[in-house]
Amino acid sequence: MSIAFRAVLGDITRLDVDAIVNAANESLLGGGGVDGAIHRAAGPALLAACRALGGCPTGEARITPGFALPARFVIHTVGPVWRGGAAGEAALLGNCYRSSLRLAIAHELGALAFPAISTGVYRYPADAAARIAVETTRVEARAPLREIIFCCFSERDLALYRALGVAG
Ligand code: AR6
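Under my numbering, the residue at position 68 of the sequence shown is numbered 1239, and the numbers go up by one with no gaps.
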């Protein structure tokens, strides 16, 4: 069975999927942006679970339960801070998507939603980041994954995914 790729506009914390991906920082102890929203919606048990993980290097990923979220799991990944593009940012961002997909596959998850990792506080250019998101997931997603959702927080981001051929 083939995998469906979709891009939607909305708040990732509302999605009823097997796992949502969090754009975290290396401490995994919360922050602003989507990370703050996920911790608020999941409740304090998420912070306790993250504390037990002892951090996560950039480009890697860790999994926790979703607690009060509709999603059963949260996959926390740490995107690169944009430093102009010559500091290995593209490879690191690709690793975020790859590591997250591997964890999802290892946990036999079916539906997985990504935010636009690194494109907020970490300032990665949104168009280049969307290209990496789509290219990496097209190559790396496999069964039992059946649905990959790119959850966009702005119409502008959504248009980038549409331009890359991702339907609604
Ligand atoms: N649902 C979906 N996308 C969202 C949501 C939401 N509720 N809220 C924000 N976004 P950012 P980063 C989008 O800054 O750049 C944190 O403090 C947002 O519009 O959340 O990877 C962490 O702790 C943007 O498109 O993550 C780190 O310190 C995208 O999510 C740092 O920020 C990512 O923006 C990570 O920075």
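Idealized CB from N, CA, C, for every residue including glycine.
Assigned exposure category for residue 1325 - 16 Cβ within 10 Å defines buried: By the 16-neighbour rule on beta-carbons within 10 angstroms, residue 1325 is exposed.
Nearest-angstrom beta carbon gap, residue 1248 and residue 1267 [assumed within contact, 8 Å]: 4 Å
Inter-residue spacing [alpha-carbon to alpha-carbon] between residue 1306 and residue 1197: 25 Å
Three-state class that DSSP yields for residue 1311 in the structure shown: Three-state DSSP puts residue 1311 in a helix.
For residue 1231 and residue 1311, the rounded distance between their alpha carbons: 15 Å
Residue span of the beta strand (DSSP E) that contains residue 1193, given as start and end: 1190-1195
CB of residue 1320 within 8 Å of CB of residue 1308, strictly: For the 8 Å CB-CB criterion, residue 1320 and residue 1308 do not form a contact.
Beta carbon of residue 1189 nearer than 8 Å to that of residue 1280: Contact flag set, yes.
Same chain, Cβ closer than 7 Å to residue 1274, neighbours up to 5 away in sequence not counted: 1232, 1234, 1246
For residue 1246, the residue or residues it bridges with in DSSP: 1192, 1234
Residue 1301 versus residue 1272 - alpha carbon distance: Distance between the alpha carbons of residue 1301 and residue 1272 is about 16 Å.
Bounding residues of the beta strand (DSSP E) (the contiguous stretch that carries residue 1322): 1318-1323
Close-in-space but distant-in-sequence residues of the same chain around residue 1200 (CB under 8 Å, 5 per side omitted): 1218, 1221, 1222, listed in sequence order.
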